[in-house]
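> Residue numbers (UniProt numbering): 1 to 1206.
For reference, the structure I am asking about is given below.
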């Protein structure tokens, strides 16, 4: 019986109908688990569930205790689906394991508390579980969450009282994130629960999570003034800051509660506090669009012109949410509307991203520059096209005169951008009508059709684009066709694929990684319908990628049994292996497969004992990728060697301890695996169990089995060293109690305390280790003390205060002369930490071995607050490091505009040069240059034409990094366009070498560069550029097609002779587009298609005077048009002979006319052999022309054209 019909009958919830088809259900052996899960999800009657369990599983406890991919058993699945209490009890009586945990370590009771909302029924079922001998009511998840944490998270006062009455005394237990029950209770703002918990003895109301959040941070988000008042009355620290220095007030401003904000300010909270990113509470309020809150905060004299480290004003924040009311109000208060952020975006750019026509119209009416361009060369129109494009907004911006031909740094046109965002045909048609070239390609050679297929596989849009002449088999630089792009989108449809195939797309096309479209679909979203269709069309089912992956290997990784069955039935090679020697079983076990997939592959002959290049068995892979116990047991039952080792000497137990569950570990050990085996790095299973997210139960179990707790790795690390890398406190405590050596040191002399400080462990761990007698002043081989380590991670200030109070030397220096302040500044520590260290007397101008001060290090990190503070405390702004770099050089390297501005205003030498003779402007023009920074430096008088040791100016450097706007700006400010580097490179030759088309086109369209082409002759790189690039922008198109003075280019080859090339040759190189050539041909003459192909061959010969050739050809064409009809209808063979004779005649007449007597070299080779082995001939032979015989047809080609083509 059809599976869907079975499901339909089950859904009807009638037991008699189910009894009628029970034999068919039983025959669906592989689906019995799906059937029982489906029945539970459909909430069928208890009678049906009981009947199905009896018939399908024969009351077999082992069989019925299967788990799904997330490790959930039937009992947990029934709880998620809100089953009645009678169903839950039934499942328990049928032998479902009440002590089972899912893969996250959640027990049945965790599920009950989360999903069962009836408190009376919840207590009843917990009592029932206790009576049925549930192991431990206080079990924790992998993240250390107890059932009491869950009860507080879901606000169940009666359940909390009940659990505590049952001896649940872990009220102060913390999760791995250091969250207490009170943190969870405050998330939901139940004053009743919060008061009750505090009355029951919560140890520390000011406890912080790993994100440094107090319970007040959570409460302030939820708008309960009653809870906030109560917590403050209990003595909570109102000015406590979370990570990124967010205060309670920042959290409150997210929730837009004016009552909470007013109350907090009345209690003395610091209203001017800023986050790590320099965001004020006003930034938060503006982002959340509450005009009432914004008006109130401004009335408190907050700075409305404050900027973040990204140079965003509060107006930028407001424009992210597009509230016209808020924007109008802020502008009425005098805020600078023309401010640009770090990426050169104005508020108009932000508004265009949100496509609100009213806001855009308002901002333009206020004088915002519609033509402003970002660092990525994006206009306001491009951003409007990028984000849910609106026809009205696009139409409005174009009506205001914006440049529609401008491209961004990735060479995307407006049509590329709208095709990313579900466009209407109306928008695309409109843009084409306005002159946007639909045939343009991106930096990676993507057509608009590639983009449409990738982001929006809408058949209507695809049909329209193809109707406009987009070449369907166009490939990107990575050889990807549009069909490859279709499969990158999860919403691909069979209709789109069928349409493209019917239109002639090559279904066997391969990318540069040798991936076919079948690989693509099998990798991303294996739809059986699509795969069946592609195979019916003849796609190669066993094609291999560069990594030797077949489609079957990829579908096995996605765990689709249905697709695997189909591919194998069609001849897919089940024995294929990747370059890493991975089989279908290895790839299947990577993705937590069902047991049915593994069983099927084995039944079809997949080699269960195969090993990868690293000697990993399938069992290694299953243990590594957290497969279920069911799969592990099956593989072992099939004879996979449980004691096999990888090249790193890792057993399956090593992998299981690092990635898996206790039940798998217990099973493997019960099968006799050696628990004391070590890897090549001398790691035991206990070392690996203490990595990642360790489970207390697993560590406890391994120690109970006698593993050596003090065993050391090759680096002399114990398991406790791994545990001290920010792992749960209870594990560290347990290991020490079990005799782990607290004073053990690694090869680099790192103690446990160094590890705890390096990996940001909470204060209680550090205190515990010190109380246990660890040496607080121990130093590593690099002379680092614990303070150096702790300051690497921007810790809570209280940890630094505690360590110093215990006598750690604040002035200790490493072997590289680094102080604690260097580490704090290098890692962007909070201002309060830097203030504290300086108050404690640390040397603010101390230098490392590289002569770097704290100011050098902090200037790289965009932290204007810290920079200002250091300078105010006497940091020397003009100190240079060993490379002669000042803080200004570092600030320019990272485009830190506010720091640059502050340093210059503070008197730093703007023209100071490094050892390489680079000014701050040279530094700013490299990597990812910012126009805003460069404009500011030039406005402050920096030498625009200063040269470094390579004789490079700022303009040379910008041309390397393809920033057209900065190139234009520098030239407008007097940058020398003719300056040459030590390598004799000009800005043009650099741009050609880097293939920066936008800059090349700009230079060509401004006479400086046409002169270079005509008078100075262009370089080899320019020739290569023309041969490689297959797209052309409008400027270059116009230049090549319309400029009469530019009909020929003089090129000088490496052989030192000149060669004239007609501009149409460059057109064929620049744009491999039949439409452009067709238009040219139609303007010259009318002729049959075959002769168009001949003329294209002639274009490539590079004759000296193309106009004379055309004249001769037209003359010949007129003669042909006057031929008699019976001559035109000659047999094909005779026609071909005549055409060949005509071709020769034209060439001979042309040669005679222009007086060329070429020396011909005759090369008789097949089509594939034309280019091969000619390099030596090019270099040594003076002959300028070749006559090549290709399949008995002569083609005459100039030597240089052949070189370029190659």
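Beta carbons: idealized from backbone N, C-alpha and C, even for Gly.
Between 732, 629, 926, which lies nearest to residue 63 when the distance is taken from Cα to Cα?
Cα-wise, what sits closest to residue 63 is 629.
> By the three-class DSSP mapping on this structure, what secondary structure does residue 184 have?
Three-state result, residue 184: helix.
> What's the gap between the Cα of residue 1237 and the Cα of residue 314?
Residue 1237 is absent from the model: the chain starts at 1 and stops at 1206.
> Quick check for students: name the residue ranges of the alpha helix (DSSP H) that lie wholly in the stretch 224-306, counting only runs of 4 or more.
Qualifying alpha helix (DSSP H) stretches, in chain order: 225-233, 248-255, 258-266, 281-287, 291-299.
> Which residue spans inside the stretch 875-920 form an unbroken alpha helix (DSSP H) run of at least 4?
If we require 4 residues or more, the alpha helix (DSSP H) runs fully inside the stretch 875-920 come out as 887-893, 897-905.
> Using DSSP with H/G/I as helix, E/B as strand and the rest coil, what is residue 1209?
Absent from the model: residue 1209. The displayed extent of the chain is 1 to 1206, so no value can be given.
> On the premise that residue 713 lies in contact with residue 683, defined as a C-beta separation below 8 Å, what is that separation, rounded to the nearest angstrom?
Residue 683 to residue 713, Cβ: 5 Å. Contact.
> To test your reading of the DSSP string, which unbroken alpha helix (DSSP H) runs of 4 or more residues are found completely within the stretch 664-694?
Counting only runs of 4 or more, we get 685-689.
> Are residue 273 and residue 247 closer than 7 Å when you measure CB to CB?
Taking 7 Å as the Cβ cut-off, residue 273 and residue 247 qualify as a contacting pair.
> Is the CB-CB distance between residue 176 and residue 728 below 7 Å?
Yes, the Cβ-Cβ distance between residue 176 and residue 728 is below 7 Å.
> Return the residue from the list 925, 193, 516, 130 that minimises the CA-CA distance to residue 226.
With distances taken between Cα atoms, residue 226 lies closest to 193.
> Run through DSSP, which three-state label would residue 925 get?
Here residue 925 sits in coil by DSSP.
> On a Cα-Cα basis, can you pick out the residue from 239, 174, 179, 151 that is closest to residue 196?
For residue 196, the nearest C-alpha among the options comes from 151.
> Determine the DSSP secondary structure at residue 471, reduced to helix, strand or coil.
Residue state, collapsed to three classes: coil.
> Using a Cβ-Cβ cut-off of 6 Å (strictly less than) and excluding sequence neighbours within five positions of residue 616, which residues of its own chain qualify?
646, listed in sequence order.
> Between residue 642 and residue 619, how many whole angstroms is the CB-CB distance? I'm expecting something under 8 Å.
Between residue 619 and residue 642 the Cβ distance is about 7 Å, and since that is below 8 Å, they are a contact.
> Under DSSP, the alpha helix (DSSP H) around residue 317 begins and ends at which residues?
Note, residue 317: alpha helix (DSSP H), 314-321.
> Apply the 10 Å Cβ neighbour rule to residue 338 and answer buried if 16 or more other Cβ atoms are within range, or exposed otherwise.
When all chains shown are included, residue 338 counts as exposed.
> Buried or exposed, going by whether 16 or more other CB atoms sit within 10 Å of the CB of residue 569?
Answer is exposed; the Cβ neighbour count stays below 16.
> Can you have a look at residue 22 and say buried or exposed, based on whether 16 or more other CB atoms are within 10 angstroms of its CB?
With fewer than 16 other Cβ atoms within 10 Å, it is exposed.
> Taking its Cβ as the centre, do 16 or more other Cβ atoms sit within 10 Å of residue 72, making it buried, or is it exposed?
It is buried - the Cβ of residue 72 has at least 16 other Cβ atoms within 10 Å.
> Does the separation of the CB atoms of residue 720 and residue 735 fall below 7 Å?
In contact: residue 720 and residue 735 (Cβ atoms closer than 7 Å).
> For residue 719, report the span of its alpha helix (DSSP H) as first-last.
First-last of the alpha helix (DSSP H) with residue 719: 719-723.
> When burial is assigned at 16 or more other CB atoms within 10 Å of the CB, is residue 208 buried or exposed?
Residue 208 should be labelled buried.
> Would you say residue 925 and residue 954 are within 7 Å of each other, going by their C-beta atoms?
For residue 925 and residue 954, yes; Cβs fall inside 7 Å.
> Run through DSSP, which three-state label would residue 823 get?
Helix at residue 823.
> From the DSSP output, in three-state form, read off residue 371 for me.
It is coil, neither helix nor strand.
> Which one of 15, 275, 257 has the shortest CA to CA distance from residue 243?
That would be 275, whose Cα lies nearest to the Cα of residue 243.
> Check whether the stretch 773-792 touches the stretch 817-825, taking contact to mean three or more Cβ pairs, one atom from each stretch, closer than 8 Å.
Output reads yes: the stretch 817-825 touches the stretch 773-792.
> On the CB-based measure, 16 or more other CB atoms within 10 Å of its CB, does residue 478 come out buried or exposed?
Burial call: exposed.
> Let me make sure I understand the geometry here. Which of 697, 724, 693, 687 has the alpha-carbon closest to that of residue 709?
With distances taken between Cα atoms, residue 709 lies closest to 687.
> Just how far apart, CA to CA, sit residue 957 and residue 363?
Those two C-alpha atoms are separated by around 35 Å.
> Return the CA-CA distance between residue 408 and residue 997, expressed in angstroms with no decimal places.
Each residue's Cα considered, the two are about 12 Å apart.
> Three Cβ pairs or more, each shorter than 8 Å: is that satisfied between the stretch 319-330 and the stretch 899-916?
Taking 8 Å as the limit for Cβ pairs, the verdict is that the stretch 899-916 does not touch the stretch 319-330.
> Suppose you measure from the CA of residue 990 to the CA of residue 711; what does that come to, to the nearest Å?
The straight-line gap from Cα to Cα measures roughly 59 Å.
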